[in-house]
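Peer 1: These protein sequences, in sequence, are chains A and B. Going by UniProt numbering, the letters in the first sequence line up with residues 1 to 257, in that order. Going by UniProt numbering, the letters in the second sequence line up with residues 1 to 284, in that order.
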Amino acid sequence: MDLKPGAGGQRVNRFVDPISYHFLQFLWRTLHLLVSLWYLQVSMVQMIEGFLISSGLVKRYGALDIDKVRYLAIVVDSEEAYQISKVIQLLKWVEDMGVKHLCLYDSKGVLKTNKKTIMESLNNAMPFEEAVEKDVLLDQKQMTVEFASSSDGKEAITRAANVLFMKYLKYAKTGVGKEEPCFTEDQMDEALKAIGYKGPEPDLLLIYGPVRCHLGFSPWRLRYTEMVHMGPLRYMNLGSLKKAIHRFTTVQQNYGT
Amino acid sequence: MELYTGERPSVFRLLGKYMRKGLYGILTQGPIPTHLAFILDGNRRFAKKHKLPEGGGHKAGFLALLNVLTYCYELGVKYATIYAFSIDNFRRKPHEVQYVMNLMLEKIEGMIMEESIINAYDICVRFVGNLKLLDEPLKTAADKIMRATAKNSKFVLLLAVCYTSTDEIVHAVEESSKDKLKSNEICNDGNGDCVIKIEEMESYSEIKLVELERNTYINPYPDVLIRTSGETRLSNYLLWQTTNCILYSPHALWPEIGLRHVVWSVINFQRHYSYLEKHKEYLK
Numbered sequence: 001m002d003l004k005p006g007a008g009g010q011r012v013n014r015f016v017d018p019i020s021y022h023f024l025q026f027l028w029r030t031l032h033l034l035v036s037l038w039y040l041q042v043s044m045v046q047m048i049e050g051f052l053i054s055s056g057l058v059k060r061y062g063a064l065d066i067d068k069v070r071y072l073a074i075v076v077d078s079e080e081a082y083q084i085s086k087v088i089q090l091l092k093w094v095e096d097m098g099v100k101h102l103c104l105y106d107s108k109g110v111l112k113t114n115k116k117t118i119m120e121s122l123n124n125a126m127p128f129e130e131a132v133e134k135d136v137l138l139d140q141k142q143m144t145v146e147f148a149s150s151s152d153g154k155e156a157i158t159r160a161a162n163v164l165f166m167k168y169l170k171y172a173k174t175g176v177g178k179e180e181p182c183f184t185e186d187q188m189d190e191a192l193k194a195i196g197y198k199g200p201e202p203d204l205l206l207i208y209g210p211v212r213c214h215l216g217f218s219p220w221r222l223r224y225t226e227m228v229h230m231g232p233l234r235y236m237n238l239g240s241l242k243k244a245i246h247r248f249t250t251v252q253q254n255y256g257t
Numbered sequence: 001m002e003l004y005t006g007e008r009p010s011v012f013r014l015l016g017k018y019m020r021k022g023l024y025g026i027l028t029q030g031p032i033p034t035h036l037a038f039i040l041d042g043n044r045r046f047a048k049k050h051k052l053p054e055g056g057g058h059k060a061g062f063l064a065l066l067n068v069l070t071y072c073y074e075l076g077v078k079y080a081t082i083y084a085f086s087i088d089n090f091r092r093k094p095h096e097v098q099y100v101m102n103l104m105l106e107k108i109e110g111m112i113m114e115e116s117i118i119n120a121y122d123i124c125v126r127f128v129g130n131l132k133l134l135d136e137p138l139k140t141a142a143d144k145i146m147r148a149t150a151k152n153s154k155f156v157l158l159l160a161v162c163y164t165s166t167d168e169i170v171h172a173v174e175e176s177s178k179d180k181l182k183s184n185e186i187c188n189d190g191n192g193d194c195v196i197k198i199e200e201m202e203s204y205s206e207i208k209l210v211e212l213e214r215n216t217y218i219n220p221y222p223d224v225l226i227r228t229s230g231e232t233r234l235s236n237y238l239l240w241q242t243t244n245c246i247l248y249s250p251h252a253l254w255p256e257i258g259l260r261h262v263v264w265s266v267i268n269f270q271r272h273y274s275y276l277e278k279h280k281e282y283l284k
């Protein structure tokens, strides 16, 4: 965390009233110090809880209804994604828990670059594209793993937009085109699939990083996805993962109704 | 800011205002979010919890909304986006939908009557979303308040009505396509018919990401999105705009939201400001 003084708002001018300025700066830094201590305390409690859950001492998280998690996504901060051994450990936990479909995302594509290393470390996993090609997505024997980065989000939607636009131009060429471009969400779905983006919407998205923020995961695939912040990857533990998945299995959505 | 009440501020309200000013004086030593977004979740649960009559939760929620907007305005936040009504909400019971629509119409008409106060505070009100889905009286009222406050700029209140992100993305694609067509100057054969010659198809440049971004309903992008009731999903809201946005889910139901939640979101924004600015730079 890097605290910097603000540029906006109604700041006390340091030259007009230096005493007030320094006093307010002191109060501001003290406030943030107290907040940091609070978060430190929360992290320690979460680590202890995670340890207790991993050890099986908390019975509530013993049996997980993993079938409710049809598609899991994991977002990792790109700087933390370089800790490939940690990522592999996390995926092994996920695989052991019985998750069948997983999407791994970091905005810079670090995980994509290390795809081969990651896939080789997993016992029984298959790349998502291969599963789609072989039409074995419904096959429950192997975990499918999809790798994504920021180019698979808004940029993919832009490419799909061009597919729709070109289709419209071809239709308009026939001379019937008095109508303005008018597209539907289903057409956008089809356009994305046509350019190779067949990954479904995740049920649950776990964020490993300093901030609870999805960092550019495809906007088209996040409509009703539950997002849970797991903290930095270096502090990951099996207990927190079990707790997050257990909590998800108890959520009831009404989808706006 | 004393909107809608017209009553003289009491001693307690004045005291509260000055205490808030002191708190803001501390917070504004750091960066303040330009844009806060809110999902007003929990009105019906609040009504059930407090055994209120039908619509009681939404009425309490409206008062909470006024308070939150006051805090944003006082703190120097420039934009606030409220998820007032989703396209998905049309699937609720008809009488519930009608109640919400009537409440919105009542409040917009209230705003129109208080237009001079809104202008005095330099507040711009904008309705964003697929407004064609609104019935005529509501659409007319929304247009009226938007026109009346269009020139205001100190605080912009964006009300997302008949909105979903996926509908917004498709709308952005449509608008970008129309922009492409206009920029290539077709439909010029004199008869008003739109016939595109095949050789002209190749002359169209591709739609770019920046063009889609320009055609979304909501700009600039929010810095913090607050969804009450502890729910951790976005429910098809601001999916495009939240790439670098902190997602905050306090357990309080929407009518229970208070200054402490706004302050906590600002503190967390300040804690992670550098990280998110770096991420924004990377994605440019």
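Just so it is clear, CB atoms sit at the ideal spot from N, CA and C, and this is done for glycine as well.
1) Compare the beta carbon distance of B/GLN101 and B/ASP135 with 8 Å and say whether it is the shorter of the two.
2) Enumerate in chain order the residues of its own chain whose CB-to-CB distance from B/GLU115 is below 8 Å, with the five nearest sequence positions on each side excluded.
3) For B/THR242 and chain A, any beta-carbon pair shorter than 8 Å?
4) Looking at the secondary structure, which residues open and close the beta strand (DSSP E) in which A/GLY231 lies?
5) Taking the beta strand (DSSP E) that A/MET236 falls in, what are its first and last residues?
6) From A/LYS173 to A/GLU155, what does the alpha carbon distance come to, in whole angstroms?
7) A/TRP38: buried (16+ other C-beta within 10 angstroms of its C-beta) or exposed?
8) According to DSSP, is A/LEU104 helix, strand or coil?
9) Of all Cβ atoms in chain A, is any one closer than 8 Å to the Cβ of B/LYS180?
10) Give me, in chain order, the residues of the same chain whose beta-carbon lies closer than 6 Å to that of A/ASP77; leave out the 5 immediate sequence neighbours on both sides.
11) Pick out whichever of B/LEU138, B/LYS284 and B/LEU69 has its Cα sitting closest to the Cα of B/ILE112.
12) Counting only C-beta atoms, is A/ARG60 closer than 8 Å to chain B at any point?
13) Is the stretch 81-100 of chain B in contact with the stretch 273-281 of chain B, if contact means three or more CB pairs nearer than 8 Å?
14) Going by other Cβ atoms of all chains shown within 10 Å of its Cβ, with 16 needed for buried, is B/ASP189 buried or exposed?
15) Does any residue of chain A bring its CB to less than 8 Å from the CB of B/ASN236?
16) Buried or exposed: where does B/TYR18 fall if 16 or more other Cβ atoms within 10 Å of its Cβ makes it buried?
17) Can you confirm whether B/HIS272, when its beta carbon is compared against all beta carbons of chain A, has any partner nearer than 8 Å?
18) Give a yes or no on whether the minimum CB-CB distance between B/ILE198 and chain A is below 8 Å.
19) Just to confirm, does B/PRO250 get its C-beta within under 7 Å of one of the non-hydrogen atoms of the ligand NAP?
20) For the stretch 42-108 of chain B, which segments carrying the alpha helix (DSSP H) assignment without a break, of at least 4 residues, lie completely within its bounds, in sequence order?
21) Of all the CB atoms in chain A, is at least one closer than 8 Å to the CB of B/ARG260?
22) Where does A/PHE26 land, buried or exposed, given buried means 16+ other C-beta within 10 angstroms?
23) Taking a cut of 8 Å between CB atoms, which residues from the stretch 195-207 of chain A lie near chain B?
24) Does the contact criterion of 3 or more C-beta pairs under 8 Å hold for the stretch 90-105 of chain A versus the stretch 116-130 of chain A?
25) Taking C-beta to C-beta, are B/ALA177 and A/PHE165 nearer than 8 Å?
26) Check whether the stretch 222-229 of chain A touches the stretch 189-205 of chain A, taking contact to mean three or more Cβ pairs, one atom from each stretch, closer than 8 Å.
27) With 16 as the cutoff for other CB atoms within 10 Å, does B/LEU140 come out buried or exposed?
28) Does the structure place the stretch 235-248 of chain A close enough to the stretch 43-63 of chain A that three or more beta carbon pairs sit under 8 Å?
29) Taking a Cβ distance cut-off of 7 Å, strictly less, list which residues of the stretch 91-112 of chain B are near chain A, in chain order.
30) Within this structure, are the beta carbons of B/PHE155 and B/ASP223 separated by less than 8 Å?
31) List, in order along the chain, the chain A residues whose C-beta lies closer than 8 Å to that of B/SER265?
32) How would you label A/ILE19, buried or exposed, when you count the other beta carbons within 10 angstroms and need 16 or more for buried?
33) Give the DSSP-derived three-state secondary structure of B/VAL266 in the structure shown.
34) State the CB to CB distance for the pair B/ILE39 and B/ARG214, rounded to an integer number of angstroms; the pair is presumed to be in contact (CB under 8 Å).
35) Compare the C-beta of B/VAL170 with all C-beta atoms of chain A and state if any pair is closer than 8 Å.
36) Would you say B/TYR204 lies against chain A (beta-carbon separation less than 8 Å)?
Peer 2: Once the coordinates are examined:
1) In the sequence as displayed, the identity of residue 101 of chain B is Met instead of Gln. Yes, they are a contact pair.
2) For B/GLU115, where only same-chain residues beyond five positions count, the Cβ hits under 8 Å are ILE145, ALA148 and THR149.
3) At least one CB atom of chain A sits nearer than 8 Å to the CB of B/THR242.
4) That run of the beta strand (DSSP E) goes 226-231.
5) That residue, A/MET236, is in no beta strand (DSSP E); it is neither H nor E in DSSP.
6) The straight-line gap from Cα to Cα measures roughly 27 Å.
7) Exposed.
8) Note: A/LEU104 maps to strand in three-state DSSP.
9) Yes, contact with chain A.
10) Cβ neighbours of A/ASP77 beyond the five flanking positions: GLY209.
11) With distances taken between Cα atoms, B/ILE112 lies closest to B/LEU138.
12) No, its Cβ sits nowhere closer than 8 Å to a Cβ of chain B.
13) Short answer: they don't touch.
14) The predicted position of B/ASP189 is uncertain, since its pLDDT is 45 and thus under 50; no value can be drawn from it.
15) Yes, contact with chain A.
16) By the neighbour-count criterion, in which a residue is buried when 16 or more other Cβ atoms sit within 10 angstroms of its Cβ, B/TYR18 is exposed.
17) Closer than 8 Å: yes.
18) Because the pLDDT at B/ILE198 is just 46, under 50, the model does not fix this residue reliably, and the point stays unresolved.
19) Looking for the ligand NAP in the displayed structure turns up nothing, as the structure carries no ligands at all.
20) As far as the stretch 42-108 of chain B is concerned, its whole alpha helix (DSSP H) runs of at least 4 residues are 43-49 and 56-75.
21) Residue-level contact by beta carbon fails for B/ARG260 and chain A, as no gap is shorter than 8 Å.
22) Under a 10 Å Cβ-count criterion, A/PHE26 is classified as exposed, with fewer than 16 other Cβ atoms of the shown protein chains found around its own Cβ.
23) Going along the stretch 195-207 of chain A in chain order, one finds no residue with a Cβ nearer than 8 Å to chain B.
24) Cβ pair count under 8 Å is three or more, so yes.
25) Ala is not the amino acid found at residue 177 of chain B; the sequence shown has Ser there. Cβ distance < 8 Å, so B/SER177 and A/PHE165 count as in contact.
26) Between the stretch 222-229 of chain A and the stretch 189-205 of chain A there are three or more C-beta pairs closer than 8 Å, enough to call the two in contact.
27) Note that residue 140 of chain B corresponds to Thr in the displayed sequence, not to Leu. Exposed is the label assigned to B/THR140, since fewer than 16 other Cβ atoms lie within 10 Å of its Cβ.
28) Contact between the stretch 43-63 of chain A and the stretch 235-248 of chain A is present, with at least three C-beta pairs closer than 8 Å.
29) Answer set for the stretch 91-112 of chain B: ARG91 and ARG92.
30) No, the pair does not count as a contact, with Cβ atoms beyond the cut-off.
31) Chain A residues near B/SER265: none, gap ~11 Å exceeds 8 Å.
32) Sixteen is the threshold: since fewer than 16 other Cβ atoms of the shown chains lie within 10 Å of the Cβ of A/ILE19, the residue is exposed.
33) It is helical.
34) Wrong, their Cβ atoms sit about 25 Å apart, outside the cutoff.
35) Cβ-Cβ to chain A under 8 Å: yes for B/VAL170.
36) Yes, B/TYR204 counts as interfacial toward chain A.
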